[in-house]
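Just so you know, the protein sequences line up as chains A and B, in that order. In this text, residue positions in the first sequence follow this note's numbering: the first is 4, and each later residue adds one. In this text, residue positions in the second sequence follow this note's numbering: the first is 117, and each later residue adds one.
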Amino acid sequence: MFNNKKVNIFLLIIGIIIFIFLPRFVSGYWVRVITTIFMYAVISQGINLMSGYMGYLPFGNAMFFGVGAYVTAIGMSKGLSFLAVLPLAALTAILFSILFGLPVLRLRGHYFAIATIGMSGALLAVVQNATEITGGAMGTTLPIIDKSPEVTYNYFYLAMLALMVITTLTIYLVIKSKFGFGIRSIKANEEAANSMGINTTYHKVTAWAISALFTSIAGALYAYWMSFIGPDEVFDIMIAVNTIVIMLIGGAGSILGPIIGAFVISLLSEVVWSTFLEYHLAVLGITIIIIVFFVPKGITGTIADFIKKRELRLRKKVSV
Amino acid sequence: MYKVGENNIILTIKSLSKYFGALKAVDEVSFEVKRGEILGLIGPNGAGKTTIANVVTGTYPKTSGTVIFEDMDISNLKPYQIARKGLTRTFQVVKPLIGMTVGENVLVGSLYGRDKRNTDMKNASKRAREIIKLVGLESKKDSLVSDITLPDLKKMEFARVLAMEPEVLFLDEVMAGLNSTEVEEASILVKRVRREKELTIIYIEHIMKAVMGISDRIVVLHHGRKIVEGTPQEVVNNSAVIEAYLGKRYAKEVNNEG
Numbered sequence: 004m005f006n007n008k009k010v011n012i013f014l015l016i017i018g019i020i021i022f023i024f025l026p027r028f029v030s031g032y033w034v035r036v037i038t039t040i041f042m043y044a045v046i047s048q049g050i051n052l053m054s055g056y057m058g059y060l061p062f063g064n065a066m067f068f069g070v071g072a073y074v075t076a077i078g079m080s081k082g083l084s085f086l087a088v089l090p091l092a093a094l095t096a097i098l099f100s101i102l103f104g105l106p107v108l109r110l111r112g113h114y115f116a117i118a119t120i121g122m123s124g125a126l127l128a129v130v131q132n133a134t135e136i137t138g139g140a141m142g143t144t145l146p147i148i149d150k151s152p153e154v155t156y157n158y159f160y161l162a163m164l165a166l167m168v169i170t171t172l173t174i175y176l177v178i179k180s181k182f183g184f185g186i187r188s189i190k191a192n193e194e195a196a197n198s199m200g201i202n203t204t205y206h207k208v209t210a211w212a213i214s215a216l217f218t219s220i221a222g223a224l225y226a227y228w229m230s231f232i233g234p235d236e237v238f239d240i241m242i243a244v245n246t247i248v249i250m251l252i253g254g255a256g257s258i259l260g261p262i263i264g265a266f267v268i269s270l271l272s273e274v275v276w277s278t279f280l281e282y283h284l285a286v287l288g289i290t291i292i293i294i295v296f297f298v299p300k301g302i303t304g305t306i307a308d309f310i311k312k313r314e315l316r317l318r319k320k321v322s323v
Numbered sequence: 117m118y119k120v121g122e123n124n125i126i127l128t129i130k131s132l133s134k135y136f137g138a139l140k141a142v143d144e145v146s147f148e149v150k151r152g153e154i155l156g157l158i159g160p161n162g163a164g165k166t167t168i169a170n171v172v173t174g175t176y177p178k179t180s181g182t183v184i185f186e187d188m189d190i191s192n193l194k195p196y197q198i199a200r201k202g203l204t205r206t207f208q209v210v211k212p213l214i215g216m217t218v219g220e221n222v223l224v225g226s227l228y229g230r231d232k233r234n235t236d237m238k239n240a241s242k243r244a245r246e247i248i249k250l251v252g253l254e255s256k257k258d259s260l261v262s263d264i265t266l267p268d269l270k271k272m273e274f275a276r277v278l279a280m281e282p283e284v285l286f287l288d289e290v291m292a293g294l295n296s297t298e299v300e301e302a303s304i305l306v307k308r309v310r311r312e313k314e315l316t317i318i319y320i321e322h323i324m325k326a327v328m329g330i331s332d333r334i335v336v337l338h339h340g341r342k343i344v345e346g347t348p349q350e351v352v353n354n355s356a357v358i359e360a361y362l363g364k365r366y367a368k369e370v371n372n373e374g
């Protein structure tokens, strides 16, 4: 947001430190709410990489969340430790993203978005019916951590915070790299990108694999945190819908957009929920429509425009 | 100065055809391009000029024929593979990377483009800056491509392909939409860059005047077929060319007078 790089890094470190110590000052309820916000920010970053930067909206991205959650549940029920099962969960999700990505990333625009919904639905059906492995539609349980709830919740709070920071830093570095220019070119004009020597298929599949990686780790942490998961819950299309809204409100194609969006939407829904107990979804929906109407570029995009305009005005004054 | 090599063929197009259903957009066209020359590819609207560029650079799959680039058959490769080998093009309708600045557009060309060269961020940025300076876009470097004029967009696209450091470059109607002063400036720029970068250029144009002053040799297309090939002088006096551009009756009159 500011032009000075050192100031930015300093502010970010201050922010991270505040969040590390925040659980000491707020109730357990808020610790859980903020953990969810971190989780949504991670999933939204994965969608931001695909859609905000590359122009491919992965409507079914919740499937990687579900894959991460289920591989963790199954692995841990077989006696593996969480840290041993985590790489397996991530690798499985990456494998799915490559297998699905090679055919469907040839589709453009809405067709890609719809195809990913179909895949997410297909995976859900498999998980619901492979009862012997997954526990079927009834869901499955994970071992519970043998510590007090407060300690456990703090542990997941910090783990989710770390995941959000690592995800954001990784995607930031990816975007600033040669590969980042490649995927931004694909969003801008795929035909031109191809004629400039960019292997578009390779870029698209790799970007989706990165997206799947972080989304599946979020799913793995979620499963361990909840210690019970059901297929309808972790493959829920609303996970993707919510995180797409978060990206749009925060600012698509901006590195802090998903984080800001996750806080704004989640805190907004907390307020709405406590004020309008019966109509909270309707009120929330209308509020989102109003925000999108007046802030089409998202919060970060609008702030950037404001700063640019002010600079132009200052420059004009100087030249006069 | 760089010399146009005698019989030094860099690109060979052999009985290349591209059909769209019953329409023969390009029909058994053959010609060769010498290293370092500017070859004008002309013809009335719909003659198949852009289709040849699209097939040779891989945008459209060919129907039949071969394209040999530096002893390699490239007619089955994808656009990005052909670009990496050193053969690239500009687009008749400019295709800027919207949402990026002029500098970033050129940087993408510099980062990707031809392979077997240093494309790390530092080198690529340096190369992009030099080329932006070469085409005279320094003052627009930080402008978004959506905020600049058409002549500047054309310069940007030219800079972007130069940053890819190709050996052979298709320029597809780069002068379209420019006024006469701008056409003059662009011609000078193309000639200068060809010399400095030792480029081979295939120059597609349907305005005869623009192509005559700049080309070493000219290939004339009509209804998807090659009708004449030769120096600008030979081409301009050829009755088939006059017929293609001005109609049969006018061609007869010209011949009678001559």
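Don't be surprised by glycine CBs; every beta carbon is placed ideally from N, CA and C. Remember, it's a predicted structure, so these values are computed and weren't measured experimentally.
Asked: Chain-ordered neighbours of Ile306(A) on chain B, where CB pairs are closer than 7 Å; Found: Ordered by position in chain B, no residue passes the 7 Å Cβ test against Ile306(A), which lies about 17 Å from the chain.
Asked: Glu359(B) - DSSP class collapsed to helix/strand/coil; Found: helix
Asked: First through last residue of the alpha helix (DSSP H) which encompasses Glu273(A); Found: 260–278
Asked: is_contact[Met199(A), chain B] using C-beta, thresh 8 Å; Found: yes
Asked: Range covered by the beta strand (DSSP E) that runs through Arg205(B); Found: 203–205
Asked: Endpoints, alpha helix (DSSP H) assigned at Asp235(A); Found: 234–237
Asked: Cα-Cα separation, Ser196(B) to His339(B); Found: As written in the sequence, residue 196(B) is Tyr, which differs from the Ser given in the question. About 29 Å.
Asked: Any C-beta of chain B under 8 Å from that of Phe184(A); Found: yes
Asked: Any C-beta of chain A under 8 Å from that of Ile214(B); Found: yes
Asked: Neighbour list for Leu227(B) in chain A, Cβ cutoff strictly below 7 Å; Found: Lys181, Phe184
Asked: Cβ pair Ala195(A), Leu213(B) closer than 8 Å; Found: yes
Asked: Residues near Leu110(A) in its chain [Cβ-Cβ closer than 6 Å; skip 5 each side]; Found: Ala118
Asked: Of the listed residues Gly63(A), Ala307(A), Gly31(A), nearest to His113(A) (C-alpha basis); Found: Gly63(A)
Asked: Contact with chain B by Ser54(A), beta-carbon distance below 8 Å; Found: no
Asked: Supposed contact pair Arg233(B) and Glu379(B) - C-beta distance, whole angstroms, cut 8 Å; Found: Residue 379(B) lies beyond the stretch modelled for chain B, which goes from 117 to 374, so this question has no answer here.
Asked: Rounded separation between Leu280(A) and Thr175(B) - CA only; Found: 57 Å
Asked: Local Cβ density within 10 Å of Ile247(A), reported as buried at 16 or more and exposed below that; Found: buried
Asked: Segment contact, 8 Å Cβ cut-off, at least three pairs: the region 44–64 of chain A with the region 247–260 of chain A; Found: yes
Asked: Glu289(B) burial status per 10 Å Cβ neighbour count (16 or more: buried); Found: buried
Asked: Residue interval of the beta strand (DSSP E) (run including Ile37(A)); Found: Looking at the DSSP string, Ile37(A) is not in any beta strand (DSSP E); the run it does join, the alpha helix (DSSP H), is 31–50.
Asked: Alpha carbon of Gly233(A) to alpha carbon of Lys242(B), nearest angstrom; Found: 54 Å
Asked: Nearest-angstrom Cα separation, counted from Val34(A) out to Ser54(A); Found: 30 Å
Asked: Assumed close pair Ala65(A), Ala243(A) - CB separation to whole angstroms, cut-off 8 Å; Found: 5 Å
Asked: Proximity to Leu86(A) [Cα-Cα], best of Asn245(A), Ile220(A), Leu315(A); Found: Ile220(A)
Asked: Supposed contact pair Ala72(A) and Leu216(A) - C-beta distance, whole angstroms, cut 8 Å; Found: That pair is no contact at about 14 Å.
Asked: Option in Pro90(A), Gly142(A), Asn157(A), Met241(A) with minimal Cα separation from Phe28(A); Found: Asn157(A)
Asked: CB-CB length for Val251(B) against Leu305(B), believed under 8 Å; Found: 6 Å
Asked: Burial state of Lys311(A) (16 or more Cβ within 10 Å); Found: exposed
Asked: Contact belief for Thr297(B) with Ser259(B) at Cβ below 8 Å, rounded distance in angstroms; Found: Contact doesn't hold; Cβ gap of about 22 Å is too wide.
Asked: Contacts around Met4(A), its chain only, beta-carbon distance under 7 Å, and the 5 residues preceding and following it disregarded; Found: In this prediction, Met4(A) scores a pLDDT of 48, lower than 50, which makes its location untrustworthy; no coordinate-derived value is stated.
Asked: Cβ pair count under 8 Å reaching 3, the region 173–183 of chain A against the region 202–210 of chain B; Found: no
Asked: Spatial neighbours of Phe71(B) in its chain, beta-carbon cut-off 7 Å, leaving aside the 5 residues before and after; Found: The displayed coordinates of chain B run from 117 to 374. Any statement about residue 71(B) would go beyond what the structure contains.
Asked: DSSP state of Ala141(B) mapped onto helix, strand, coil; Found: strand
Asked: Where the beta strand (DSSP E) containing Phe99(A) begins and where it ends; Found: Counting along the chain, Phe99(A) falls outside any beta strand (DSSP E), though it belongs to the alpha helix (DSSP H) covering 85–107.
Asked: Residues bridged to Ser180(B) [DSSP beta-bridge criterion]; Found: Ser133(B)
Asked: Under the three-state DSSP convention, the category Ser331(B) falls into; Found: coil
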